[in-house]
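Heads up, the thing below is written out as structure tokens.
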Amino acid sequence: MAHVVVLGAGLGGAIMAYEMKEQLRPEDRITVVTRDPTYHFVPSNPWIAVGWRERDDITVDLAPTMAKKGIGFRPTAARKVHPAENRVELEDGSSVDYDYLIIATGPDLAFDEIEGFGPHGGHTQSVCHIDHALKAREVYERLLKDPGPVVIGAAQGASCFGPAYEFLFILETALRQAKIRDRVPMTFVTAEPYVGHLGLDGVGDTKGLLESQMREKHIKWITSARVKKVEEGKMWVEEVAEDGSLRATRELPFAFSMMLPAFRGVPAVSGIEGLSNPRGFTIVDRHQRNPAFPNIFAVGVCVAIPPMGPTPVPCGVPKTGFMIESMVTATAHNIGNLLRGKEPDQVGTWNAVCLADFGDGGIAFVAQPQIPPRNVNWSSSGKWVHLAKVGFEKYFMRKLKKGTSEPFYETLAMKAMGIAKLKESRKG
Numbered sequence: 000m001a002h003v004v005v006l007g008a009g010l011g012g013a014i015m016a017y018e019m020k021e022q023l024r025p026e027d028r029i030t031v032v033t034r035d036p037t038y039h040f041v042p043s044n045p046w047i048a049v050g051w052r053e054r055d056d057i058t059v060d061l062a063p064t065m066a067k068k069g070i071g072f073r074p075t076a077a078r079k080v081h082p083a084e085n086r087v088e089l090e091d092g093s094s095v096d097y098d099y100l101i102i103a104t105g106p107d108l109a110f111d112e113i114e115g116f117g118p119h120g121g122h123t124q125s126v127c128h129i130d131h132a133l134k135a136r137e138v139y140e141r142l143l144k145d146p147g148p149v150v151i152g153a154a155q156g157a158s159c160f161g162p163a164y165e166f167l168f169i170l171e172t173a174l175r176q177a178k179i180r181d182r183v184p185m186t187f188v189t190a191e192p193y194v195g196h197l198g199l200d201g202v203g204d205t206k207g208l209l210e211s212q213m214r215e216k217h218i219k220w221i222t223s224a225r226v227k228k229v230e231e232g233k234m235w236v237e238e239v240a241e242d243g244s245l246r247a248t249r250e251l252p253f254a255f256s257m258m259l260p261a262f263r264g265v266p267a268v269s270g271i272e273g274l275s276n277p278r279g280f281t282i283v284d285r286h287q288r289n290p291a292f293p294n295i296f297a298v299g300v301c302v303a304i305p306p307m308g309p310t311p312v313p314c315g316v317p318k319t320g321f322m323i324e325s326m327v328t329a330t331a332h333n334i335g336n337l338l339r340g341k342e343p344d345q346v347g348t349w350n351a352v353c354l355a356d357f358g359d360g361g362i363a364f365v366a367q368p369q370i371p372p373r374n375v376n377w378s379s380s381g382k383w384v385h386l387a388k389v390g391f392e393k394y395f396m397r398k399l400k401k402g403t404s405e406p407f408y409e410t411l412a413m414k415a416m417g418i419a420k421l422k423e424s425r426k427g
């Protein structure tokens, strides 16, 4: 009999538990260990921040579903993983032993790396967690009553740029609907070397599509930007030249600012030689398996992936939903093999599929594989992206409530490209 433990129950961890359950033998068991017993659909957080969704719309109580699927559930945060002992120490003083561990914790949000940054005692907002998004809504509602400048973006070291663009344009749409857009100057600040880089050196014409959208909506932008510090209503940003030298320092006033932070590994898995890299991300091979501790696997944002290449300001590589889904499927099959005396043989596809909603339109892109050179390098825009994002939210929430694990992103990618090509052919 083997005990498989999944550490984390977010986008990767929840579906990991469902897929892993299907790979177990009758005598095996699985337990999910998570800080938060309630799952929330992170891609909807930008809608939460402008009042287009409520907490109950995007949350699922995982305990009943896990119990129905025969999955053990421990809603207690992990304090430290002890790989040499095959044990996870929990914050309540207890421990969970494992034969196989799957790390799916997501990231630790590095707000503290910039003075005055973030929603916890700082002066910028976030949409990384539902609690952050609800706090951002309070500040947004004050903005509606007393309009002023807005600064949106992603700081140095960030690796998830899509939500920054999404929130920028969702906020712009909400301000137009409130008929105060003319009183709110907007600036996008990003560590990317150019608009639409996305940590992927662009996908299709994301540079042209996003720059065009910003020009059309009168949004200014600053690229290769390093946030120096933030005070109430004021942000200092350094523009970095291609050779790494300081080009200029900007002082940006704001009445509202949402800035995504850099990510790092969570404390429970950080600082363990052979398991994590200097930023605390879990090291894995092509089978999602840690080389130093072969009974430990990892999926999702917590996985260590090197950046695309040098940029004037550090930019990480995003781990999109499609990429995470492929990691999950490969990991479930590979542990299933090990349980039956076979070797791991499945490799995640690591493709990128993204629907970036802009409130009344959006941009979709597909990168196969995520790292260039690519077999598919496609992007498109239109109102259909917003509708597709709404449909995806509803589908994924049903999937979590039912405890199903069928893959979705690849189907989504093919349908997205099909819709876009059909629209282009009709225009022709």
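According to numbering that gives the first Met the number 0, the sequence shown holds residues 0 to 427 in order. Virtual Cβ for every residue (Gly too), placed ideally from N, Cα, C.
Less than 8 Å between the C-beta atoms of residue i and residue j, yes or no?
{"i": "P266", "j": "E165", "result": "no"}
{"i": "A247", "j": "E241", "result": "no"}
{"i": "R487", "j": "I129", "result": "Here the chain comprises residues numbered 0 to 427, so residue 487 is not present and cannot be evaluated."}
{"i": "A224", "j": "V149", "result": "no"}
{"i": "V298", "j": "M15", "result": "yes"}
{"i": "T189", "j": "A153", "result": "yes"}
{"i": "G12", "j": "A103", "result": "yes"}
{"i": "L209", "j": "I323", "result": "no"}
{"i": "P252", "j": "K233", "result": "yes"}
{"i": "I101", "j": "L10", "result": "no"}
{"i": "T310", "j": "P192", "result": "yes"}
{"i": "V3", "j": "V95", "result": "no"}
{"i": "I221", "j": "R249", "result": "yes"}
{"i": "G156", "j": "A83", "result": "no"}
{"i": "T75", "j": "D91", "result": "yes"}
{"i": "R288", "j": "F280", "result": "no"}
{"i": "A254", "j": "G147", "result": "yes"}
List the DSSP bridge partners of residue i.
{"i": "W377", "result": "V365"}
{"i": "G152", "result": "V188, M258"}
{"i": "L251", "result": "M234"}
{"i": "V389", "result": "Per DSSP, none; premise fails for V389."}
{"i": "I29", "result": "V3"}
{"i": "M16", "result": "Checking the sequence shown, residue 16 turns out to be Ala, not Met. Paired residues: none, contrary to the question."}
{"i": "Y38", "result": "V59"}
{"i": "R263", "result": "D107"}
{"i": "E356", "result": "Looking at the sequence provided, one finds Asp at residue 356 rather than Glu. Bridge partners of D356: G361."}
{"i": "L245", "result": "V239"}
Just tell me which of the options has its CA closest to the CA of residue i.
{"i": "H258", "options": "I113, S380, G361", "result": "A small correction: the amino acid at residue 258 is Met; His does not occupy that position in the sequence shown. Comparing Cα-Cα distances from M258 to each of I113, S380, G361, the minimum goes to I113."}
{"i": "A8", "options": "G390, P372, V327", "result": "V327"}
{"i": "T58", "options": "D284, G71, S43, L174", "result": "S43"}
{"i": "Y99", "options": "A331, G390, P368", "result": "A331"}
{"i": "I29", "options": "I334, I282, P371, D344", "result": "I334"}
{"i": "A163", "options": "L133, R175, C127, A1", "result": "C127"}
{"i": "Q124", "options": "G198, A303, I47, G243", "result": "I47"}
{"i": "S379", "options": "A366, Q287, G121", "result": "A366"}
{"i": "D356", "options": "G320, L337, K382, K206", "result": "K382"}
{"i": "K134", "options": "S256, G195, E18, H196", "result": "S256"}
{"i": "D56", "options": "R285, V41, K20", "result": "V41"}
{"i": "V283", "options": "Q22, L338, L251, V346", "result": "V346"}
{"i": "V316", "options": "R263, K79, L274, T37", "result": "R263"}
{"i": "F321", "options": "C314, A303, L354", "result": "L354"}
{"i": "P118", "options": "V194, R52, I218, E231", "result": "E231"}
{"i": "K401", "options": "D60, H39, T64", "result": "T64"}
{"i": "K216", "options": "I169, V229, G121", "result": "I169"}
{"i": "P25", "options": "G69, V49, W51", "result": "G69"}
{"i": "A66", "options": "R180, R141, Y17", "result": "Y17"}
{"i": "R285", "options": "K178, E342, S211, M307", "result": "E342"}
{"i": "A173", "options": "T348, T403, D359, N376", "result": "D359"}
{"i": "V229", "options": "L399, L89, N85, F116", "result": "F116"}
{"i": "D27", "options": "M213, L337, D145, E88", "result": "L337"}
Given that a residue counts as buried once 16 or more other Cβ atoms are within 10 Å of its Cβ, and exposed if not, what is residue i?
{"i": "A291", "result": "exposed"}
{"i": "Y139", "result": "buried"}
{"i": "L245", "result": "exposed"}
{"i": "M0", "result": "exposed"}
{"i": "K393", "result": "exposed"}
{"i": "N350", "result": "buried"}
{"i": "A77", "result": "buried"}
{"i": "H385", "result": "buried"}
{"i": "R73", "result": "buried"}
{"i": "H131", "result": "buried"}
{"i": "H81", "result": "exposed"}
{"i": "S93", "result": "exposed"}
{"i": "G198", "result": "buried"}
{"i": "M329", "result": "Going by the sequence as given, residue 329 is Ala instead of Met. By the neighbour-count rule (16 or more Cβ atoms within 10 Å), A329 is buried."}
{"i": "G50", "result": "exposed"}
{"i": "P371", "result": "exposed"}
Is residue i close to the ligand FMN? I mean its beta-carbon at under 7 Å from any heavy atom of the ligand.
{"i": "G198", "result": "Ligands are entirely absent from the displayed structure, and the ligand FMN is therefore not among its contents."}
*Counting only runs of 3+ residues fully inside the region 163–237, write out the beta strand (DSSP E) ranges in chain order.*
Here the runs fully enclosed are 185–189, 218–221, 224–230.
*Could you tell me which uninterrupted beta strand (DSSP E) segments, each at least 3 residues in length, are contained entirely in the region 40–113, listed from first to last along the chain?*
DSSP runs (the beta strand (DSSP E)) wholly in the region 40–113: 58–60, 71–73, 77–81, 86–89, 94–96, 99–102.
*asked:* In chain order, what are the residue ranges of uninterrupted beta strand (DSSP E) at least 3 long that sit wholly in the region 269–350?
replied: Within the region 269–350, the beta strand (DSSP E) runs of at least 3 residues that lie entirely inside it are, in chain order, 295–297.
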